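Have a look at the structure below before the remarks.
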Amino acid sequence: MNAATPVYWMVRAGEGGFRFEEFQSQSQVTISWHEMGNLSTLNLRTDFQKVAAAAYPNVSAGTLSSYAGQTFRFVREMKTGDYVVTYNPSERIYLLGTVAGEYEYTPSVHNEHPNRRRVQWRGKVARDDLSVAARGSLGSISTLFQIPIDVGQELERLAAQPAGSHATPVAPLAAPADEVSNQYKDIQNQALEFIKDRVNALDWSDMQELVAGLLRAMGYKTRISPSGSDRGKDIVASRDGLGFEDPRIVVEVKHRAAAMGSQEIRSFLGGPHERDKGLYVSTGGFTKDARYEAERGRIPVTLMDLDDLVKALLEHYEQADSQTQRLVPLRKLYWPA
């Protein structure tokens, strides 16, 4: 390891973190840009720039520079022994590890993301345990970027602590400068994560009200179950407000850190009537088995994790009533077209 001058890298697990489980189970990180072919023979950044230009003739110069820079860093700057981090936005978990091998080109195994590094994963950190400054520094949309040393060390300290304990947040840090061509996407991504932080901080009652408010913004009338009456549903939504008109949507809201499993989904599916639709909201996400259980359920059921909830809220925010907007107050940001 680089004990004297530690180097920390973030490698995103695809859009929405869809490769996170693959990264974890196969002890690796991978990046795409498969159109550029085998990168092992390239040495200089200018070499990567030329190959990127040939592979992507219709993209802007700024985007080409970004592609070349990220692939160059993955192949030439990243070293065995460096530290690597990836993120699961659904469960809001950072996975920390150590780069355990040189660059590999594996198109037969990973068709669309054939550029691989072996990794020894060592620990996890919940995003909620990080300081505000660290969260901001980790918000870049880029597939690969270098993490400031202080933020990397904060992640290391938290990963080394026993489960359930909390570290004292470090002093605020200035966010690193991102590539100009990605600034807008960076801001979008950081805003999404900060809004998720705000939503996740709601108590269970407010979370239930937020979900009901979202459904109202989508054109439904809602009835919320009385507090403490756990009868397999928290909210019933329908067009007429009485449940006589289709669709009638039965909603369960779970606001906790743990991912919901197949047993919870099976229990939920036992309650609704045959013509009902189901919506299961879990801010802690869902296991693979839970998603499989939902797919083969006797009624249509949609699983909504925190990421899905916030994206739906943003889509319908302007239609939300004042009661809902007070739970998560937001303001517009205008950006040059």
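Just so we're aligned: 182 in full-length UniProt numbering is position 182 of the sequence shown, and the numbers increase by one with no gaps anywhere.
From the three backbone atoms N, C-alpha and C, an ideal C-beta is built for every residue, glycine too.
Treat the numbers as computed from the prediction; the structure is a model and nothing was measured.
Whole-Å CB distance - residue i paired with residue j, under 8 Å assumed
i: Thr63; j: Leu39; result: Not confirmed; about 18 Å, so no contact.
i: Val84; j: Gly97; result: 5 Å
i: Lys79; j: Val51; result: Wrong, their Cβ atoms sit about 22 Å apart, outside the cutoff.
i: Glu104; j: Arg92; result: Between Arg92 and Glu104 the Cβ distance is about 30 Å, and since that is not below 8 Å, they are no contact.
i: Arg135; j: Arg122; result: At roughly 21 Å, the Cβ-Cβ gap does not stay under 8 Å, so Arg135 and Arg122 are not in contact.
i: Leu44; j: Asn200; result: In fact, because the Cβ distance is near 44 Å, the residues do not count as touching under 8 Å.
i: Ser32; j: His113; result: 4 Å
Contacts around residue i, its chain only, beta-carbon distance under 6 Å, and the 5 residues preceding and following it disregarded
i: Ala217; result: His316, Gln319, Ala320
i: Leu42; result: Phe48
i: Lys221; result: Gly241
i: Ala258; result: Gly284
i: Pro329; result: none
i: Ile249; result: Ala237, Lys277, Leu279
i: Thr324; result: Gly213
i: Val219; result: Reading the sequence as shown, one finds Gly at residue 219 and not Val. None.
i: Ala171; result: In this prediction, Ala171 has a pLDDT of 45, which is less than 50 and means its spatial position is unreliable; nothing more can be read from the coordinates.
i: Ala159; result: Leu96, Gly123, Val125
i: Gln75; result: Reading off the sequence, residue 75 comes out as Val, not Gln. Only Leu39, Tyr103 meet the Cβ criterion.
i: Val180; result: Since pLDDT at Val180 reaches only 41, below the 50 mark, its modelled position is unreliable, and no value is offered.
i: Ala175; result: Unreliable placement is indicated for Ala175, whose pLDDT of 41 sits below 50; no coordinate value is reported for it.
Cβ-Cβ distance between residue i and residue j below 9 Å
i: Asp186; j: Ser131; result: no
i: His255; j: Leu202; result: yes
i: Val310; j: Leu192; result: yes
i: Leu313; j: Ile195; result: yes
i: Met260; j: Thr287; result: yes
i: Pro300; j: Gly284; result: no
i: Tyr280; j: Val251; result: yes
i: Glu77; j: Tyr56; result: no
i: Leu155; j: Val125; result: yes
i: Gly17; j: Asn88; result: yes
i: Arg118; j: Gln28; result: yes
i: Ala13; j: Thr106; result: no
i: Ser140; j: Met10; result: yes
i: Glu22; j: Thr30; result: yes
i: Arg239; j: Pro226; result: no
Contacting residues, own chain, Cβ-Cβ under 8 Å from residue i (five flanking each side not counted)
i: Leu327; result: Leu202, Asp206, Glu209, Leu210, Gly213
i: Glu293; result: Ser262, Ile265, Arg266, Leu269
i: Leu333; result: Ile187, Ala191
i: Trp204; result: Val253, His255
i: Arg198; result: Val328
i: Arg298; result: Leu269, Glu274
i: Asp289; result: Gly261, Ser262
i: Arg291; result: Leu303
Contact set for residue i: own chain, Cβ-Cβ below 7 Å, skip 5 residues either direction
i: Gln24; result: Leu95, Trp121
i: Tyr184; result: Trp335
i: Ala54; result: none
i: Gly243; result: Val236
i: Ala68; result: Arg45, Phe48, Gln49, Ala52
At least three beta-carbon pairs within less than 8 Å, the region 146-165 to the region 5-13:
yes
4-residue-minimum alpha helix (DSSP H) runs that sit fully inside the region 38-70, ordered along the chain
45-55
Whole runs of the alpha helix (DSSP H) within the UniProt domain "Restriction endonuclease type IV Mrr" (200-312), excluding any shorter than 4 residues:
204-217, 262-269, 288-295
Mind pulling the beta strand (DSSP E) runs of 3 or more residues that sit fully within the region 103-147?
115-126, 144-147
Quick check on the DSSP output: what are the complete alpha helix (DSSP H) runs of length 4 or more inside the region 74-106, in order along the chain?
none
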